[in-house]
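4 protein chains.
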Amino acid sequence: MTSKPRKPGRLFFANPGPTNIPDSILRAMDVPTVDFMSEDFIDIYDQGVAGLKRLLFTTGEVFIYTSSGHGAWEATIQNLFSPGDTILMPECGYFSRTWGAMAKRFGLNTEMPETDWRRGPDPATITERLLADKSHQIKAVCIVHNETSTGVALDLPAIRAAIDAAKHPALFLVDTISSFASLEFRMEDWGIDAVVGGSQKGLMLPAGLAFTAVSEKALEAHKSATLTRFYFDWTKMMARRHRSFVGTVPVPPFYGLVESVRLLESEGIENVWRRHHRLAEATRRAVSIWSGNQGVAFFCSDPKRRSDSVTAVKMPEGHDAEAVRKIAYDRFNVSLGGGLDPLGGQVFRIGHMGDLNEPMILGTLSIVELSLRLAGVPHANGGVNAAIDYLAAA
Amino acid sequence: MTSKPRKPGRLFFANPGPTNIPDSILRAMDVPTVDFMSEDFIDIYDQGVAGLKRLLFTTGEVFIYTSSGHGAWEATIQNLFSPGDTILMPECGYFSRTWGAMAKRFGLNTEMPETDWRRGPDPATITERLLADKSHQIKAVCIVHNETSTGVALDLPAIRAAIDAAKHPALFLVDTISSFASLEFRMEDWGIDAVVGGSQKGLMLPAGLAFTAVSEKALEAHKSATLTRFYFDWTKMMARRHRSFVGTVPVPPFYGLVESVRLLESEGIENVWRRHHRLAEATRRAVSIWSGNQGVAFFCSDPKRRSDSVTAVKMPEGHDAEAVRKIAYDRFNVSLGGGLDPLGGQVFRIGHMGDLNEPMILGTLSIVELSLRLAGVPHANGGVNAAIDYLAAA
Amino acid sequence: MTSKPRKPGRLFFANPGPTNIPDSILRAMDVPTVDFMSEDFIDIYDQGVAGLKRLLFTTGEVFIYTSSGHGAWEATIQNLFSPGDTILMPECGYFSRTWGAMAKRFGLNTEMPETDWRRGPDPATITERLLADKSHQIKAVCIVHNETSTGVALDLPAIRAAIDAAKHPALFLVDTISSFASLEFRMEDWGIDAVVGGSQKGLMLPAGLAFTAVSEKALEAHKSATLTRFYFDWTKMMARRHRSFVGTVPVPPFYGLVESVRLLESEGIENVWRRHHRLAEATRRAVSIWSGNQGVAFFCSDPKRRSDSVTAVKMPEGHDAEAVRKIAYDRFNVSLGGGLDPLGGQVFRIGHMGDLNEPMILGTLSIVELSLRLAGVPHANGGVNAAIDYLAAA
Amino acid sequence: MTSKPRKPGRLFFANPGPTNIPDSILRAMDVPTVDFMSEDFIDIYDQGVAGLKRLLFTTGEVFIYTSSGHGAWEATIQNLFSPGDTILMPECGYFSRTWGAMAKRFGLNTEMPETDWRRGPDPATITERLLADKSHQIKAVCIVHNETSTGVALDLPAIRAAIDAAKHPALFLVDTISSFASLEFRMEDWGIDAVVGGSQKGLMLPAGLAFTAVSEKALEAHKSATLTRFYFDWTKMMARRHRSFVGTVPVPPFYGLVESVRLLESEGIENVWRRHHRLAEATRRAVSIWSGNQGVAFFCSDPKRRSDSVTAVKMPEGHDAEAVRKIAYDRFNVSLGGGLDPLGGQVFRIGHMGDLNEPMILGTLSIVELSLRLAGVPHANGGVNAAIDYLAAA
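Chains D, E, R and S, in that order, are what the protein sequence lines are. Everything in the first sequence is counted per full-length UniProt numbering, starting at 1 for the first residue and increasing by one. Everything in the second sequence is counted per full-length UniProt numbering, starting at 1 for the first residue and increasing by one. Everything in the third sequence is counted per full-length UniProt numbering, starting at 1 for the first residue and increasing by one. Everything in the fourth sequence is counted per full-length UniProt numbering, starting at 1 for the first residue and increasing by one.
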């Protein structure tokens, strides 16, 4: 099909999503067609959805769509709001900016206070804004849990507390696309009203399914939401046997979902979170070393907010992140993430979410170190050693 | 996972979509994750899209979505129309009815002249309506090429001619979901402005991708269409490297699409159409025999409109189609389609589209005959024999 | 890779072995490499072997080889006999003839009384020969349970009784390659001392594994057997953790075996036997009809010995079975078995063993009927109808 | 199936064989059954065998067996020799010892001069022995190219020269199981008469196929060889269409072989050799560092003979290699090879053959370093750094 010579060995996929798909999930999805209305399939389907709810720590409805995460954003807006509704969505990266732009397009009055992308919003500013909203015009606070573009993760319980501090009835909406099944997440304990997620990150499935999990309060809000919708309409979905989807229900992803849940629960979801933390910390130890000699740096300026699922690495002035990515990919078969939009060329991103272990992350970090060296990017050597030291003690 | 005893042998999947997926397509999709922005993937992607255009007989744009066919309907409405626009969409089955309902929901003035579901609209009535529309309020004529729910296929060149006869500038929109790569279809030759299709029928892929192919005239109409859209917005898509998708681009389906195109072109798309006709005709020979003894009947009352991709079989009064389906599925591992919505229990449907050959259809027809007998449904025996006779001569 | 146009739809594989492999077995074998000495693998391995013993109805040793069935024949000879030993092996088809030739090559005194290939040996002749062997020179009676080349299945309990009637201590060796997990088989109940089997028939795995299951008495005989052996040496095998194989232990087939056992036991092995009988009988009803008009005939002349796993169909004088096979394969994608060696061109064989159900066999029989017609071979039509009639009543 | 918690991420398989199987090979083998006598399959088969010959740099016959490498050893002995024949087989590790034991079992007069396992035989001793054999009793010199158990690779052209120096007509037999498609190998240029190989190492296939490639001179010797054989008989094989196998021909491995050849030739076989050298050298740089502090050491004492496909690492006195392997496997999902037989516990082995690249080997070496540390095994840290340094310059 192509005349390029083969690159031997496995591709190390270290983009922050989609993520590596375990072989057993790929095989589970490699199945002949069955009738999505048959009880045999619905049995599989129900198992998958029940598992999804356990992993989200919710007992409410989960609406699933054939779409990417952007579709789930759209579904969530369409089903919860009416034209002219006000929402508060602090902008702290490419994805929160895009979700906000979408809300505007759908006619919402979208307040998007700018924040330092290297740090994200201060919960206190949310309390402040909500306190000022005496007439409760603000219908929802929308937060991207983990900004995939910047590697900044926010403290959701702190934001919940910030809303509570204002005694404000706004819904609390969270995009958990690049944090779900990677970072600790407890929908009901944390008082979250709508959660947007996708199949292609911590769930270790291909892109193609996205979902919104909703609280009772959100379902109630849905009843009076008048934005136009059809493909993503929750009311239509609730009338169907699957309680999700408008139109054809896809089959293979649900075989994959059942296997994904089995894998995550076999490891234990809390162990999954711990593993993400451990491998992320190994990555951070390496980046810390590399940042010597006026070299590369963490994009996220607040150590407490550095994400356990993705690390964005900032280039020194005058160096192009794409050169590093190109060496890693062309010579060593390691795929790193690039900078999105305004960050293009300024950062590369190491994804460390999903189906990952120590040799995978150490192999990846080795190649990042090699590529920095070959690209002539300022850095101190020894990052991999530091990661090994950390893991030996972990 | 389940304690039900295994049903041996292959499931014969004779639902009218999704369809049987060839093993080589399943394997092509059983691949590790790659970066959807990498040139290696874009090379695959471009091959798939180029093939799709060849199979549609178009050289225009094709916008692809992560969605089911309902999503593509929504995309097509959102991108071509403005609130209050009038469209003409003859209702002739479950799917045309649903597409029309969707258009209404989005604020279009949707004219849906009722027709006999067993036959579908008369092109002359379209000419008539368009001639009456002196001020060209009607922006589009929307047709479902092949009503999956009824097994009625319409003559698209005749409808094109009907529009031309009125010298009316309306766009010509076609849903080709259950006809594409099964029935003859030539987008440009037949003057079609927008074609809605999906992955899960003639393309022999799982559900998950849907698309709209558009003419220059439709692209022009898009520029002034003001319906709200984001996830499905063609303008956003055209600005991207892939010229499709808003958000994540799914990877495995494009490996599948390249293989699908390879298979269809290896056989030859005109041979694919001929094969569908031959196997459909074999099916019809069987149904004709069974319709003796005041037995089952063709749902489609017009022999010229009986679809080459699906045959809906009408039950005699007092007999439930579900009983036949249940025997076929539970005892013989053959999955037939049921009646949709108002036709529930009144028809069962034999899908004969996609990756099918003589032993598959004869095995299926044998089980239908067995199941009719075991269910005590009036019919004359010998349907399979008649199919064999036809195929011996074909 | 090839420029031949694609043949659409599934290949119907109706050769009498290898057989159709269920998708779940193929997927189970589609796994990355693991260490065959690791406890994780040995756990899988042990599960597979335990299941194999349950299906054989034995509690003894089973020695497994990376080889085809011919290798297992060789292993069985090498491990049980010494040069010059006499064995009794009635010749009744291509496979018993070959096994006998092999025994001769290894220096055994192999008595191979000729029998009518269309019927096989009479148990009384075995009693007679053993009674004549007053000095117990005959070390073993070797029987091919089911002659794949002729479709003749022998009554093993009757042969056991024939040996017992002579009060002769000979070992009772059985080739169960094309009967295992298809025809009733009970190793211990039937007093069988060594059973030769393979992976590629009733077990529904690819070719590649073969085995010998042995009784205590056979293990005892092994101790004094002096034929040279190494790769197939049971003593070496018993000294290893796996108690099988000399050298590398293959990994994927054991994942497949565990799944095969799961499928067979989910259906129930006695149900598997019953299903084989039912589908074989459907086939025989069709052949019975076709044999009208001085047409094709059963190769097996004794109705009670017609095999439930394969039916050999004899051509009328002057007609070539290969012409029928070619039409079935080239035009209809159905692969039938041909005649082996002296039977080349005189018979074709319909395999009905392994993972098979009603629509598969009816699809196959339909194509056989079509191919007979197109090849101009004398036969009466209506075979498929007769099969349907039988199955409706079964 | 097991209640053990899942180990996340990919298993890093760093055993010296079987090796990592590329996904595209696994998928190519994940195919439904076809008739191994059909022209469609024979086309695939012939492509695979032609490629195998190109990779061996031979134009002669290649006999393929359903067996492990031990079966190919047996085949080679049985087909080339007669009882009492003398062969010279220097013993330098577990595998040469076993092959020699097998030859003795088959009645050959097997001379097995002992050598230092850490270095292997000196070619001069071969010349010497052959010169002493004035009557040319020695029929063959048998060499294991690469001792998988010790990581010692021999210089085949030097051994060829050693035979030539004696002007001795002995056949030159080589076991290339763990060197083929990894180390440079040129059958015809190097005057090799019989080459034993297997599927499960450089060919990156599962175990299950093994082969002997033979020269004209070896084929001539075969004609007068009288050792008993049947399953492995070359004469029988040459009479068959496939020119290999006695009995059933396995299907999936040949789809795999075609893909294997495609991958190797896409990379270029000489590039494959270079890559193996580069990754082996990176491994050696790490081991060299670790060998500081009276730590672990190379088992192979001669730097020029350290294998490019496997490195055996010797433990310091009083330390158990199994403890290191257990940590690597249980905690980090990295499978290393253990010591075989007399070397049990004394060495662990790092396989670096087959489908491998820089991040895979660096990930593996990182875990070896971590495991040495956690096991408290004396070594100097910094091995991975040294490997990175080497690769940066390579």
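Quick reminder that beta carbons are idealized off the backbone N, C-alpha and C, glycines included.
Taking 8 Å as the CB-CB limit, is V251 (chain E) close to chain S? No, its Cβ sits nowhere closer than 8 Å to a Cβ of chain S.
Please report the straight-line C-alpha distance between F81 (chain S) and S224 (chain S), rounded to a whole angstrom. If you take the alpha carbons of F81 (chain S) and S224 (chain S), they lie about 8 Å apart.
Q47 (chain E) versus S182 (chain E): straight-line alpha-carbon distance, rounded: Taking the straight line from one Cα to the other gives about 21 Å.
Can you pull the chain S residues whose beta carbon is under 9 Å from the beta carbon of P5 (chain D), in chain order? Per Cβ cutoff of 9 Å: S266, E267, G268 and N271.
Residue-chain proximity (T311 (chain D), chain S), Cβ-Cβ < 8 Å: Interface residue (Cβ-Cβ distance to chain S less than 8 Å): T311 (chain D) is not classified as such.
Does chain S have any CB closer than 8 Å to the CB of P32 (chain E)? For P32 (chain E), at least one C-beta of chain S is nearer than 8 Å to its own C-beta.
D43 (chain E): contacting residues in chain S (beta-carbon distance under 7 Å): For D43 (chain E), no chain S residue has a C-beta closer than 7 Å to its own C-beta; the minimum C-beta separation is roughly 15 Å.
How big is the Cα-Cα spacing for F63 (chain D) and H222 (chain D)? Their backbone Cα atoms lie some 13 Å apart in a straight line.
What does Y65 (chain D) pair with, by DSSP beta-bridge criteria? For Y65 (chain D), which the question treats as bridged, DSSP gives the partners D:A210.
Counting only C-beta atoms, is R278 (chain R) closer than 8 Å to chain D at any point? The C-beta of R278 (chain R) comes no closer than 8 Å to any C-beta of chain D.
Any chance you could list the alpha helix (DSSP H) runs of at least 4 consecutive residues sitting entirely within the stretch 167 to 224 of chain R, in chain order? As far as the stretch 167 to 224 of chain R is concerned, its whole alpha helix (DSSP H) runs of at least 4 residues are 216 to 224.
Considering only C-alpha positions, which residue in the set E:H168, E:A14, E:M187 and E:A166 is nearest to D175 (chain E)? Considering only alpha carbons, the answer is E:M187.
Residues that T364 (chain E) contacts on chain R, provided the C-beta gap is smaller than 7 Å: Simply P359.
What residues are listed by DSSP as bridge partners for V347 (chain D)? Beta-bridge pairing by DSSP links V347 (chain D) to D:K314.
Go through its chain and collect everything with a Cβ distance to L131 (chain D)'s Cβ below 6 Å, but skip five positions before and after it. Here the set comprises A166.
Would you kindly work out how many angstroms separate the C-alpha atoms of T2 (chain E) and F254 (chain D), rounded to a whole number? Since pLDDT at T2 (chain E) reaches only 49, below the 50 mark, its modelled position is unreliable, and the value read off the structure follows with that caveat. The straight-line gap from Cα to Cα measures roughly 15 Å.
Could you name the residues of chain D that D355 (chain R) contacts, counting a contact when the two beta carbons are closer than 8 Å? What D355 (chain R) touches in chain D: nothing, since even the nearest Cβ is about 13 Å away.
How would you list, in chain order, the residues of chain R whose beta-carbon sits under 9 Å from the beta-carbon of Y255 (chain S)? Residues of chain R whose Cβ lies closer than 9 Å to the Cβ of Y255 (chain S) do not exist; the shortest such Cβ separation is about 10 Å.
Would a check of beta-carbon distances place R105 (chain E) closer than 8 Å to chain D? Yes, R105 (chain E) counts as interfacial toward chain D.
Going by alpha carbons, who is nearest to Q200 (chain E) out of E:E184, E:L219 and E:S179? The shortest C-alpha separation from Q200 (chain E) is found at E:S179.
Could you round the C-beta distance between L108 (chain D) and I138 (chain D) to whole angstroms and report it? I think they count as a contact, below 8 Å. Rounded, the Cβ-Cβ distance is 11 Å, inconsistent with contact.
Let's test the definition: count the other Cβ atoms within 10 Å of the Cβ of N79 (chain S) and tell me whether it reaches 16, buried, or not, exposed. N79 (chain S) comes out buried.
Could you spell out where the alpha helix (DSSP H) holding V324 (chain D) opens and where it closes? Its alpha helix (DSSP H) spans residues A321 to F332.
Between V296 (chain R) and chain E, is any beta-carbon pair separated by less than 8 Å? By this cut-off, V296 (chain R) is not an interface position.
Please check if any C-beta of chain D sits within less than 8 Å of the C-beta of I327 (chain S). Closer than 8 Å: no.
Who are the Cβ neighbours of P169 (chain E) in its own chain at under 7 Å, not counting the five residues just before and after it? Correct list, in chain order: H136.
Residue range of the unbroken beta strand (DSSP E) whose run includes K139 (chain D): Residue range I138 to V144 is occupied by the beta strand (DSSP E) that includes K139 (chain D).
Alpha carbon to alpha carbon, how far is I361 (chain R) from N333 (chain E)? Give it in angstroms, no decimals. About 12 Å.
Between the alpha carbons of N146 (chain S) and R129 (chain S), how many angstroms are there, rounded? The straight-line gap separating the alpha-carbon atoms of N146 (chain S) and R129 (chain S) is approximately 22 Å.
Answer yes if the stretch 207 to 221 of chain D comes into contact with the stretch 67 to 76 of chain D, meaning at least three C-beta pairs across the two stretches below 8 Å, and no otherwise. Taking a cut-off of 8 Å on C-beta distances, the stretch 67 to 76 of chain D touches the stretch 207 to 221 of chain D, as three or more cross pairs fall below it.
Simplified DSSP assignment, three categories, for I87 (chain S): Reduced to three states, the DSSP call for I87 (chain S) is strand.
Where DSSP assigns a beta bridge to residue 397 (chain D), which residues make up the other side? Not covered by the structure: residue 397 (chain D). The range shown for chain D is 1 to 394.
Quick one: what does DSSP say V49 (chain E) is sitting in, helix, strand or coil? Residue state for V49 (chain E) is assigned as helix, using DSSP reduced to three classes.
Three-state secondary structure (DSSP) at M1 (chain E)? Bear in mind that a pLDDT of 44 at M1 (chain E), under 50, signals an unreliable position, so the number given afterwards is only what the model happens to contain. M1 (chain E) falls in the coil class under three-state DSSP.
So, helix, strand or coil for R274 (chain E), using DSSP? Note: R274 (chain E) maps to helix in three-state DSSP.
Name the chain E residues that come within less than 7 Å of R129 (chain S), Cβ to Cβ? Within chain E, no residue comes near R129 (chain S); the closest Cβ sits about 52 Å away, beyond 7 Å.
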